[in-house]
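Some notes on the structure that comes next.
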Amino acid sequence: MKCKTCGQKATVNMRHHKLALCSQHYLEWVPEQTARFIKKYWMFGPDERVLVAVSGGKDSLSLWDILHRLGYQADGLYLGLGIDEGIGYSDESHRLTEKFASERGLKLHVVDIEKEYGSSIPMLAQKSRRGQGRPCSVCGVAKRHEMNRIARDLGYDVLATGHNLDDEVAVLFANTISWSADLLRRQEPVLRESDGLARKVKPLCRFGEKEMTAYALLRGIEYIYEECPFSVGSTSIYYKELLNQLEHERPGAKLAYYVKFLEAKKDGLFTPATAQDFVLTECPQCGQPTSGDGLCSFCKIIKKAG
Ligand code: SF4
Ligand code: ZN
Ligand code: ZN
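Residue numbering for the sequence shown is 1 to 306, as defined by my numbering.
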């Protein structure tokens with residue numbers, strides 16, 4: 001297999017794009033495509049300040065690397081979740097993130113949930129008795145809350161996360177088989193800012209898991225290979241496996257499923273959400289927007305755990 005650009009031996013073969021590239025041209029192609037998606041979906045402009053949520057994994061570190069290479073003003077945010085399970089997941093992911101930032105002279109903000117709120121994520125889940133042994137729902141609420149708080153407090157224009165195509169199609173599949181219209185409406189590469197909520201973007205949403213792994217390895221990015229120990233056996237991993245089987249039989253099925261969903265929405269598959277659909281009030285504790293009329297979900301967890 002030869003590189004389509006230079007004819008040298010190809011390193012990465014993307015069957016779904018009918019495109020093979022050598023290492024050098026692959027490392028050029030990924031940022032070019034990312035820049036294209038940033039423009040196509042109106043994610044952010046060259047003068048805006050971007051806060052990248054980094055977990056120490058291949059996707060978020062690669063995203064930070066790509067934005068930096070493209071010349072954006074992108075700083076990192078690492079959230080210390082206090083997950084000691086596995087190989088000491090949080091400590092190791094924190095170490096690799098710090099290393100990545102210091103080697104490149106990038107600015108990294110670190111927020112440790114336990115220091116900030118007195119309990120780690122697994123402790124919060126246990127004390128608030130949410131999640132039946134798996135802290136993921138508490139973790140999701142806490143991450144959303146803290147990312148928004150930091151982006152807002154530090155005056156960033158946009159919050160970027162490293163969700164890739166495999167993440168997006170797994171969520172799309174879950175939302176489709178349950179026909180969760182509200183969630184499907186909000187599943188977009190960009191969620192526009194609104195009162196008290198930062199704009200959120202997913203610049204890697206059209207790159208598959210394997211493409212991101214190839215990018216991280218070829219760029220020599222040192223990332224945490226282990227997944228969070230609590231992700232083992234999750235529904236999302238099960239859906240990813242199912243969708244990989246489909247992709248194996250029909251290369252390009254995942255990308256088509258996602259891109260055609262976005263196009264169908266543009267053509268009116270769902271009526272666009274209006275302001276009335278999401279009447280938000282201010283949480284009396286933290287001031288962030290919430291859909292209920294009392295504390296936001298995060299403050300409820302903290303109160304219950306306190
Ligand atoms: Fe949090 Fe780990 Fe669950 Fe992901 S898998 S939501 S990091 S606890
Ligand atoms: Zn080449
Ligand atoms: Zn709150």
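Note that the Cβ used here is the ideal one computed from N, Cα and C, for glycine as well.
Remark: C-beta atoms of Glu-168 and Cys-205 approach each other more closely than 8 Å. With contacts defined as CB atoms closer than 8 Å, Ile-150 and Leu-77 qualify as a contacting pair. Annotation for Leu-218 indicates a beta carbon at 7 Å or more from all heavy atoms of ligand 2. In this structure, DSSP gives Leu-79 an extended state, which the three-state scheme calls strand. In the same chain as Tyr-89, and ignoring 5 residues on each side of it, the C-beta atoms closer than 7 Å to its own belong to Ile-83, Glu-226, Cys-228 and Pro-229, in chain order.
In chain order, Pro-251, Gly-252 and Leu-255 place their CB closer than 7 Å to the CB of His-16, counting only its own chain and leaving out the 5 sequence neighbours on each side.
If only uninterrupted alpha helix (DSSP H) runs of at least 4 residues are considered, those enclosed by the stretch 253 to 287 are 253 to 266.
Closer than 7 Å to some heavy atom of ligand 2: that does not describe the Cβ of Gln-33. Looking at the DSSP output, His-109 bridges to Leu-77. Burial is judged here by how many other beta carbons sit within 10 angstroms of a residue's own beta carbon; Ser-120 has at least 16 and is buried.
At least one heavy atom of ligand 2 lies less than 7 Å from the C-beta of Leu-21. Judged by beta-carbon spacing, Ile-302 lies beyond the 8 Å limit of Arg-130, meaning their Cβ atoms are not closer than that value. With a cutoff of 7 Å, His-17 does not count as near ligand 2, since its C-beta is closer than that to no heavy atom of the ligand. Tyr-258 sits away from Ala-170, with the two beta carbons spaced by 8 Å or more.
As a beta-bridge residue in DSSP terms, Thr-290 pairs with Thr-281. Excluding five sequence positions before and after Phe-44, the CB atoms of its chain that fall closer than 7 Å to its own CB belong to Ile-38, Val-50, Asp-157, Val-158 and Val-201, given in chain order.
Within the chosen limit of 7 Å, ligand 3 does not reach the beta carbon of Leu-124 with any heavy atom.
Ser-194 is bridged by DSSP to Leu-197. Secondary structure note for Val-169: its alpha helix (DSSP H) is the uninterrupted segment 165 to 177. Boundaries of the beta strand (DSSP E) around Ala-20: 19 to 21.
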